[in-house]
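All letters in the sequence shown, in the order written, are residues 44 to 338 by the working numbering.
The C-beta atom is built at its ideal place from N, Cα and C for all residues, glycine as well.
No experiment lies behind these values; they were computed from the predicted model shown.
This report concerns only the one structure given below.
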Amino acid sequence: MLKGILKPKKLISTLLLILSIIIITVLLLPKLPVSPRKPASVSLPGQVESTSSAATDEQNPSQKSLEVQAANVSGYCLNVPVLLYHHIEPMAQAKQEGHAWLTVDPATFDQQMSYLASKGYTSISADTLAQALITHQNLPKSVVLTFDDGYQDFYTYAYPVISKYNLTANLAIPTGLMNNPGYLNWDQLKQMVASGKVFAYDHTWSHSSLPKDSQEKAQFEILTAKKQLEQNLGRPVNIFVYPYGSENGNTINLLRSDGFIAAFSTVSGFTQCNSFIMSLHRNRIGNSPLSSFGL
Ligand SMILES: [Zn+2]
Numbered sequence: 044m045l046k047g048i049l050k051p052k053k054l055i056s057t058l059l060l061i062l063s064i065i066i067i068t069v070l071l072l073p074k075l076p077v078s079p080r081k082p083a084s085v086s087l088p089g090q091v092e093s094t095s096s097a098a099t100d101e102q103n104p105s106q107k108s109l110e111v112q113a114a115n116v117s118g119y120c121l122n123v124p125v126l127l128y129h130h131i132e133p134m135a136q137a138k139q140e141g142h143a144w145l146t147v148d149p150a151t152f153d154q155q156m157s158y159l160a161s162k163g164y165t166s167i168s169a170d171t172l173a174q175a176l177i178t179h180q181n182l183p184k185s186v187v188l189t190f191d192d193g194y195q196d197f198y199t200y201a202y203p204v205i206s207k208y209n210l211t212a213n214l215a216i217p218t219g220l221m222n223n224p225g226y227l228n229w230d231q232l233k234q235m236v237a238s239g240k241v242f243a244y245d246h247t248w249s250h251s252s253l254p255k256d257s258q259e260k261a262q263f264e265i266l267t268a269k270k271q272l273e274q275n276l277g278r279p280v281n282i283f284v285y286p287y288g289s290e291n292g293n294t295i296n297l298l299r300s301d302g303f304i305a306a307f308s309t310v311s312g313f314t315q316c317n318s319f320i321m322s323l324h325r326n327r328i329g330n331s332p333l334s335s336f337g338l
């Protein structure tokens with residue numbers, strides 16, 4: 044009779060032990076990266092003839108894994124999240140235009156920027172981050188806001204919010220696409236850059252995937268955009284943002300020989316180190332609260 048009572052107890056404690064082991068194992072397992080999402084096809088009207096689609100610099104919108112591979116972390120490092128945005132526009136409009144997955148609604152964007160301010164973040168330029176890494180300076184609690192591809196909706200919806208919270212924005216501009224419908228024009232970019240709160244960086248001329256280009260074509264893409272930005276905005280441009288996040292050793296060598304001091308990838312992570320200053324981390328932000336991205 045005694046044995047009959049003990050046996051179920053033993054069984055229960057054994058089951059609890061197995062359950063605990065399973066839970067601990069699951070919690071300790073490293074999170075696997077989400078595979079990149081295949082880009083939606085976007086046709087590019089006008090100035091630049093391109094068979095590739097723009098606005099695909101990011102990984103799956105659902106990706107929230109922000110761990111840094113331990114092997115990457117070496118040299119002088121700073122914990123500075125770099126946030127990656129594309130379109131900021133009303134979601135209904137974005138759905139009609141077929142790029143909802145690349146869009147943050149203006150009301151949500153306002154909440155996200157308000158959150159950063161409330162959490163004591165200073166928004167800095169990509170230049171400031173690069174210089175801090177190069178010269179081993181510390182930074183206050185900082186964040187870098189980046190907006191890829193030079194869309195018109197940045198001027199209409201994001202810039203007013205950036206101004207409202209006195210933030211700094213970093214735009215990755217494929218210069219050959221400017222003045223096309225849906226893209227910024229030079230007057231708008233000049234006006235924003237003159238405010239001192241908006242910075243523009245090289246994102247090639249035609250939003251080209253550099254590792255697929257010949258050396259000559261890649262050089263043309265990089266230097267044409269650099270020259271156009273410098274001539275129009277009157278300031279040096281030596282930071283690059285990889286279209287499609289595409290890079291390899293040749294691309295980095297080319298950028299270095301062209302005088303670039305830093306470049307941004309689409310690999311997620313909050314840690315930035317001078318050992319990978321030509322492939323700094325960025326984190327794609329969607330419509331969830333920033334707290335859900337670990338900020
Ligand atoms: Zn892009």
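Query, Result
"With 16 other Cβ atoms within 10 Å as the buried cut-off, status of GLY163", "exposed"
"Those residues which DSSP pairs with HIS130 across a bridge", "THR146"
"Inter-residue CB distance, ILE282 and ALA261 (contact presumed, cutoff 8 Å)", "About 17 Å; that fails the 8 Å criterion."
"Touch test, the stretch 128-141 against the stretch 184-203, Cβ-Cβ under 8 Å, three pairs minimum", "yes"
"Cβ neighbours of SER252 in the same chain (closer than 7 Å, five flanking residues each side left out)", "SER95, PRO286, TYR287 and SER289"
"Span separating the alpha-carbon of ILE320 from that of SER185", "17 Å"
"Check whether ASP256 and VAL284 have beta carbons under 9 Å apart", "no"
"Closer than 8 Å: HIS246 CB and nearest ligand 1 heavy atom", "yes"
"Exposed unless 16 or more other CB atoms sit within 10 angstroms - verdict on SER238", "exposed"
"First through last residue of the alpha helix (DSSP H) which encompasses ASP230", "229-237"
"Neighbour flag for ASN330 against chain B, beta carbons, 9 Å", "This model lacks chain B altogether, as it is built from one protein chain only."
"beta-carbon ASP256 near ligand 1 non-hydrogen atom, thresh 8 Å", "no"
"Whole-angstrom distance between THR267 and THR151, CA atom to CA atom", "35 Å"
"Given THR294 as reference, the closest of VAL280, PHE313, GLU259 and GLN271 once Cα atoms are compared", "GLU259"
"VAL284 Cβ short of 8 Å to ligand 1 heavy atom set", "yes"
"Residue interval of the beta strand (DSSP E) (run including ASN122)", "120-122"
"Helix, strand or coil at GLN139 according to DSSP, with G and I counted as helix", "helix"
"beta-carbon ALA212 near ligand 1 non-hydrogen atom, thresh 8 Å", "no"
"For PHE206, the three-state DSSP class (helix, strand or coil)", "One point to set straight first is that residue 206 is Ser, not Phe, in the sequence displayed. Three-state result, SER206: helix."
"Beta-carbon proximity list for LEU72, same chain, < 8 Å, skipping 5 on both sides", "Residue placement at LEU72 cannot be trusted, given a pLDDT of 40 that sits under 50; the coordinates are not used to answer."
"Cα-Cα separation, ASN275 to PRO217", "14 Å"
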